[in-house]
Structures are given as structure tokens and as C-alpha cells.
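Enquirer: Mind looking over this structure? Questions follow.
2 protein chains.
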Amino acid sequence: MTGTIEFYFDFSSPYGYFASVQIDDLAARFGRTAKWKPIMIGAAFKQSGNRPLLEQPIKGDYSRHDWQRLARLLDVPWVLPEPFPIATLAAARAFWWLTASDVALARRFAQAAFHAYFADGRDISAAGTVAEVAANLDIDAAALLAAVQDPAIKARLKFETDDAIKLGVFGSPFVFVDGEGFWGADRLWMVKRWLESGGW
Amino acid sequence: MTGTIEFYFDFSSPYGYFASVQIDDLAARFGRTAKWKPIMIGAAFKQSGNRPLLEQPIKGDYSRHDWQRLARLLDVPWVLPEPFPIATLAAARAFWWLTASDVALARRFAQAAFHAYFADGRDISAAGTVAEVAANLDIDAAALLAAVQDPAIKARLKFETDDAIKLGVFGSPFVFVDGEGFWGADRLWMVKRWLESGGW
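Residue numbers (the numbering used here), protein chains in the order written: chain A, 85 to 284; chain B, 85 to 284.
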């Protein structure tokens, strides 16, 4: 099987971050490639009636604890950033701008943006911070700041988000393998089973 | 490690059913015993603001599909019963009545009740149906019907439900290992890791 794995996420999603540090290795083990697809999960929440985790009584406290233990289990750095959650339009648009010319660079940028937010606690809702993160990867900061205001790039993010919602995406992360959707970082074991067996 | 694993569930929960067919084997592999604890998850939903899955747009469709594929993966019988979800007071009270005198029989009853609802599609909200399911295990039907109206048994279920909510239970299934809570049938891999490693 050689189809790409589609990896939908929001840069403000802790579980998206935890999946992001696993998805490429998982895909590679089965000769696949993961196609990263940042979206605005808030738009999906509007359709599904879902709400940010920390706004939910009891479940919010569970999530806070769960993120800490998942970070320890995966051995990745973790802070609960302040503010959280945030609108990640700038980072997502920058990704879609970059991916048009260099998919690998776009992925490295995405990893760096996740790291900036969830490891360093930097507020990546600000386009200026996103540009700084990108500059560390030798991405032109001025070009990025122009790109995130470019109507075509804005439209691309909106298109990708709407498309994800049409496919049934209602949370982050959401992974598609051979058209089969799996919601959540805690479902990667099931993605693995699907890849191993070619479905069941 | 010899502490029991606490397995909270609602008899109307598909993911509770899918966990129920795995939890005893999982516990036994690590020399543990799972203590089954049926509760009224609706009471927890009132605290957490959670809602039944099929009432949620998009997520409801995902769940429907997910239950089918989980049943195939686990190789267990599955129907989406009608009506669904239901109030499972009678089954839960019968369980707590039985467990006072025979924990093993109570567990076999719980397995049979889950099977009646999710494999045979029988409406176990009716106490008469619960009594029929129990009668197949040589449980006295008349005694069961009296027990599910017994104020002390009613109080026991309420106590267990309130206690679960105090512990942070907001969904079904919910598993505690050494005081560490894990929500969801899709988190049993994490329960296993915890049992293997003694925590992390």
C-alpha cells in the first residue's frame, strides 16, 4: 500500500502536538508518507457542537493531567501555554504558503511551530512570533508576514478546513488512512493496526 | 502490583461493552483483578456537560462507524440496539444486588446484560428483560425484580455513581489503575503500558 496518510490538526491542539511527534515514523514504518494538514478546528467545532477541552468541567481537569502524562510517556517537552487555546491562523496560513513550494520545509516549520507553543510556551497566535519561528529555519520573515495576509493563502486555509469538515473531521488530530478516519492521538494504535492489516 | 483495577461503565455504553470484553484478560495478564462498577453515566454527563454521542452532529456518524469497525476488530457481536441509548437502572441495580453475595456471578450477569443489549438488541431498560437475562444464569427472577425496587439497592447505585463522579469519571468506560484514571475503550493500550511499567 502506498497511499499517503492524511494528518489533520490544529496548531493549538495538544493532542495534535502529541500525534505530530509520532505520525511520520508511524507512516514510514509502513512505507507511507504523512501529509500534514493544519486546519482551523474552531470551524469544525461550530458544526459539531464540540468545545475546547478546558472549557468542559471535569473533562478539562482530566485533559490537563493527561497531557502531562502523555508528554512523559512520549518523552517530549510540554508546557500548558498561556494563553490557551489560541487562534492559529498565522501558523496555519504560513504552513500552506510554504507547502506550495517545499513540503519538507513546511513540515519542519510545523514541527517548530508546535514546539514553540507547547514546549517553549510562546504565543504563536501572533504573526510576528510565527515569523521568528520560521526565521530560525531560514524562511524569509517579511515574505511570511505578507503571505499570511495574502487573500489566496487565506482562501487556501479556508478551503482545507471546509474540506476537512466535509470529510467528517470534528477534532484534532484526525488521521485518514485509505479513506478510513481515526480521531485522536490515542487512536494511533488503531491506525497502526489498519496499516499492518490493510483494514479489517 | 496486586491492586484491583476499577472498571466503571454504563450498560448503555458501546465503548463500555467493547472494554468489558477485554478488561478481565488485560488485568489477568498482570496478576490483577478488574472490579466491575456499573454506574449511571447520565448523572456524570449532567456534571460535565457531556452528551450522548448520537446526539452530536458529525461525531455521532463517526461513532456509529467506529462501533462497527471495533466490533470487527475485537471479533465480538454487535448491533446498534433500538432504542439507544437507554436508562439502565434495572441492570445496574441488579448487578449491585448480585455483587453483595457473589462477585463472579455479578460479573457473568453484567457480561450477559451487555450481550443482550449490544449483541441481541434486546431492550434491557425493562426490568422484566433484565430478569430474563438473569434467569439464564439461574438467578431468581422474582428476587431480582424485588431487589431492583429495594431502597437500599437503589441507594447503592446512587452512591457508586456519586462516588465515581467525585473521582473524576465523566464518561464510559473509565478505568482506574493505582489511582490513575483512563477514559475510553481506546485507552486500554495506555492502561496496559501503566500495568507493564508500574507508571511513568
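Every residue, glycine too, gets a C-beta built ideally from N, C-alpha and C.
Could I get the ranges of all uninterrupted alpha helix (DSSP H) runs contained in the region 133-185 of chain A, with 4 residues as the minimum, in chain order?
Expert: Complete alpha helix (DSSP H) runs here, min 4: 143-158 and 173-183.
Enquirer: Suppose the cutoff is 8 Å on Cβ atoms and the five residues either side in sequence are ignored; what does the same chain contact list for G265(A) look like?
Expert: Around G265(A): L251, G252, V253, F258 and V259.
Enquirer: Could you tell me whether the Cβ atoms of W180(A) and P98(A) are closer together than 8 Å?
Expert: It is not a contact, given that the beta carbons lie outside the stated cut-off.
Enquirer: Let me see if you follow: with CB-CB separation under 8 Å, is F102(A) close to chain D or not?
Expert: Absent from the structure: chain D. Protein chains present are A and B.
Enquirer: Using the Cα positions of G268(B) and D270(A), report the straight-line distance between them to the nearest angstrom.
Expert: 10 Å
Enquirer: Which partner residues of V261(B) appear in the DSSP bridge assignment?
Expert: E264(B)
Enquirer: Got a sec, what are the start and stop residues for the alpha helix (DSSP H) F193(A) sits in?
Expert: V187 to F202
Enquirer: Thinking C-beta only, is I142(A) closer than 8 Å to A175(A)?
Expert: no
Enquirer: Using only the heavy atoms of the ligand ZN, determine whether one of them is closer than 7 Å to the beta carbon of A239(B).
Expert: The model depicted lacks the ligand ZN and carries no ligand whatsoever.
Enquirer: In the DSSP assignment, the beta strand (DSSP E) including F102(B) goes from what residue to what residue?
Expert: Not the beta strand (DSSP E): F102(B) falls in the alpha helix (DSSP H), residues P98 to S104.
Enquirer: Ordered along the chain, which non-local residues of its own chain (more than five positions away) have a Cβ less than 7 Å from that of R240(B)?
Expert: W180
Enquirer: Rounded to whole angstroms, what's the CA-CA distance from A196(A) to L158(A)? Just pull it up for me.
Expert: 17 Å
Enquirer: For chain B, check one thing: does any of its Cβ atoms lie closer than 8 Å to the Cβ of L251(A)?
Expert: no
Enquirer: Below 9 Å between beta carbons is the criterion; list the residues of the region 147-171 of chain A that meet it against any residue of chain B, in chain order.
Expert: H149, D150, R153, L154, R156 and L157
Enquirer: Can you find at least 3 beta carbon pairs, one from the region 162-169 of chain A and one from the region 211-224 of chain A, that sit closer than 8 Å?
Expert: no
Enquirer: Exposed or buried, W284(A), counting other C-beta atoms within 10 Å across all chains shown (16 or more means buried)?
Expert: exposed
Enquirer: Have a look at R177(B) and R116(A) and give me their C-alpha separation to the nearest angstrom.
Expert: The straight-line gap from Cα to Cα measures roughly 50 Å.
Enquirer: With a Cβ-Cβ cutoff of 8 Å, do L154(B) and F114(B) count as a contact?
Expert: Their beta carbons are not under 8 Å apart, which means L154(B) does not touch F114(B) by this criterion.
Enquirer: When the Cα of I89(A) is compared with those of I123(A), V105(A) and L110(A), which residue comes out closest?
Expert: L110(A)
Enquirer: Counting only Cβ-Cβ distances shorter than 9 Å, please list the residues of the region 257-270 of chain B near chain A, keeping chain order.
Expert: E264, G265, F266, W267, G268 and D270
Enquirer: So which of G255(B), A230(B) and E280(B) has the shortest CA-CA distance to K130(B)?
Expert: G255(B)
Enquirer: Here's the rule I'm using: 16 or more other beta-carbon atoms within 10 Å means buried, otherwise exposed. How should P169(B) be labelled?
Expert: buried
Enquirer: Give me the DSSP bridge partner(s) of I89(B).
Expert: A118(B)
Enquirer: Please go through the same chain and pick out, in chain order, the residues whose beta-carbon is closer than 8 Å to the beta-carbon of L272(B), but skip the five residues on each side of it.
Expert: A103, Q106, I107, L110, V259 and F266
Enquirer: For chain B, find out if any of its Cβ atoms is closer than 8 Å to the Cβ of G133(A); answer yes or no.
Expert: By this cut-off, G133(A) is an interface position.
Enquirer: Using the rule of at least 16 other Cβ atoms within 10 Å of the residue's Cβ for burial, across every protein chain shown, is P235(A) buried or exposed?
Expert: exposed
Enquirer: If we call anything under 8 Å between Cβ atoms a contact, is Q140(A) one with S132(B)?
Expert: yes
Enquirer: Under the three-state reduction of DSSP, which class applies to I208(A): helix, strand or coil?
Expert: coil
Enquirer: For F290(B), count neighbouring Cβ atoms within 10 angstroms of its own Cβ and tell me buried if that reaches 16, exposed if not.
Expert: Given that chain B is displayed from residue 85 to residue 284, the structure contains no residue 290(B) and the question cannot be resolved.
Enquirer: Here's the rule: buried if 16 or more other CB atoms are within 10 angstroms of the residue's CB, otherwise exposed. What is A128(B)?
Expert: So A128(B) counts as buried.
Enquirer: Using 8 Å for Cβ pairs, my map puts A248(A) next to I123(A). What's the rounded Cβ distance?
Expert: The Cβ separation is near 5 Å, so the contact holds.
Enquirer: Assuming D246(A) is part of the alpha helix (DSSP H), what are its boundary residues?
Expert: P235 to L251
Enquirer: Going by beta-carbon coordinates alone, are A118(A) and F91(A) separated by less than 8 Å?
Expert: Contact check for A118(A) against F91(A) passes: the beta carbons are separated by less than 8 Å.
Enquirer: By the three-class DSSP mapping on this structure, what secondary structure does W284(A) have?
Expert: coil
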